[in-house]
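Let me begin by presenting the structure, written as structure tokens, before commenting on it.
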Amino acid sequence: MSAMLTIYLSEILNTGAFSTSFRLLDMMLMSVVSFVVAVMIHELGHALAFVCQKVHVKAIFILFIGIVFRKKPKIVFDMTMLLLLGGIVIPKAFVIHDQHDLNVASKKLRMSLLAGPITSNIWLLVIFVSALVIKTPTMMYALFWTLTYTMLFTRSFFVKQGLMIGDIQAYQFIKDHEDYLVLILLQLSKQQGYDHQTAQFLYEKALNHLNEVSRIQTRKDYLLLQFVCDGYRLGYLKKTDELPLFIKKVSMKRKIPKQYMSILPTLLYVLIMYEKMDTATHLYQFMLHYN
Numbered sequence: 110m111s112a113m114l115t116i117y118l119s120e121i122l123n124t125g126a127f128s129t130s131f132r133l134l135d136m137m138l139m140s141v142v143s144f145v146v147a148v149m150i151h152e153l154g155h156a157l158a159f160v161c162q163k164v165h166v167k168a169i170f171i172l173f174i175g176i177v178f179r180k181k182p183k184i185v186f187d188m189t190m191l192l193l194l195g196g197i198v199i200p201k202a203f204v205i206h207d208q209h210d211l212n213v214a215s216k217k218l219r220m221s222l223l224a225g226p227i228t229s230n231i232w233l234l235v236i237f238v239s240a241l242v243i244k245t246p247t248m249m250y251a252l253f254w255t256l257t258y259t260m261l262f263t264r265s266f267f268v269k270q271g272l273m274i275g276d277i278q279a280y281q282f283i284k285d286h287e288d289y290l291v292l293i294l295l296q297l298s299k300q301q302g303y304d305h306q307t308a309q310f311l312y313e314k315a316l317n318h319l320n321e322v323s324r325i326q327t328r329k330d331y332l333l334l335q336f337v338c339d340g341y342r343l344g345y346l347k348k349t350d351e352l353p354l355f356i357k358k359v360s361m362k363r364k365i366p367k368q369y370m371s372i373l374p375t376l377l378y379v380l381i382m383y384e385k386m387d388t389a390t391h392l393y394q395f396m397l398h399y400n
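To convert, count from 1 in the sequence shown and add 109; that's my numbering.
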């Protein structure tokens with residue numbers, strides 16, 4: 110489809126539909142407008158999927174402008190959102206009391222992730238049909254930029270690099286890795302306030318995952334360990350036999366990423382809190398040696 114649209118644009122250019130009076134400034138303005146609209150349509154696709162599945166949307170951000178849905182919708186500005194180079198839809202935290210609830214939440218998140226790419230491509234089709242009917246320079250440029258951004262977005266759907274994970278990659282991760290799903294749900298719950306049963310169920314799921322890994326080394330494992338520490342600190346987790354094992358799994362890695370070093374003092378605090386003094390001493394010595 111992309112090749113067909115490119116050929117069509119070339120034919121339009123050759124027929125002179127773009128007049129020299131259509132200024133460079135107009136073209137640049139159309140590129141900005143097309144980008145903002147493309148991002149907005151994409152995020153609205155995510156939001157609409159949540160609404161259709163009866164999941165309340167807490168906030169929508171388009172670039173740095175967001176709408177927070179409370180009793181009265183509030184417009185907020187957050188320049189850090191520009192780092193996403195797009196937008197984000199934040200659903201209400203899910204209530205998870207058992208495995209069935211977890212499976213339902215997984216399905217709803219995955220459907221929402223798919224809705225964004227589908228909506229983006231539907232929007233491209235709408236612009237394409239409109240350009241066939243309304244053959245003006247404005248529509249031609251709108252088609253050109255919408256096609257360009259849709260192609261870029263489509264590539265980003267499959268990205269997995271650092272903190273950036275595309276929609277399709279996230280869909281696959283949630284489908285194949287339950288611990289990744291648990292991490293997302295814990296992050297939502299932490300942002301919006303914990304439901305006691307949900308927190309306890311998710312913390313135990315995170316604990317079970319860390320018990321299964323041979324050593325703690327990935328970003329996901331460190332984030333789950335942070336949540337497990339919170340679970341112990343807040344009293345949601347009671348089984349303390351696993352704590353010495355976590356210390357061994359952390360200390361097996363020679364180099365801990367700097368952004369996760371703050372986990373170690375939290376873990377030390379939890380050990381002292383539950384009177385695991387021998388293990389606390391071992392961790393403290395490891396921290397001194399590591400520094």
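No residue lacks a Cβ here, since even glycine has one placed at the ideal position from N, Cα and C.
No experiment lies behind these values; they were computed from the predicted model shown.
query, result
"Going by CA-CA distance only, name the one from A240, K183, G196 and P182 that's closest to F173.", "G196"
"Per DSSP, which one or two residues make a beta bridge with G175?", "F170 and V185"
"Please determine, among W254, V164 and K201, the residue with the shortest C-alpha to C-alpha distance to V142.", "W254"
"Provide the residue span of the beta strand (DSSP E) that contains V242, from first to last.", "Per DSSP, V242 belongs to no beta strand (DSSP E); it is in the alpha helix (DSSP H), Q208 to V242."
"The beta strand (DSSP E) spanning G196 covers which residue range?", "G196 to P200"
"Can you tell me which of the three DSSP states I274 falls into?", "strand"
"Leaving aside the five residues before and after Q309 along the sequence, list all residues of the same chain whose C-beta is less than 7 Å from its C-beta, in chain order.", "Y345"
"Give me whichever residues DSSP pairs with K163 in a beta bridge.", "K163 pairs with nothing; no bridge assigned."
"Which whole-angstrom value is the C-beta distance of K385 and T349, which I expect to be below 8 Å?", "6 Å"
"Got a sec, what are the start and stop residues for the alpha helix (DSSP H) D288 sits in?", "E287 to Q301"
"If I measure Cβ to Cβ from R342 and keep anything under 8 Å in the same chain, skipping five residues before and after, which residues do I get?", "T375, Y378, V379 and M382"
"One question on the structure: do I171 and V148 come within less than 8 Å of each other, judged by their Cβ atoms?", "yes"
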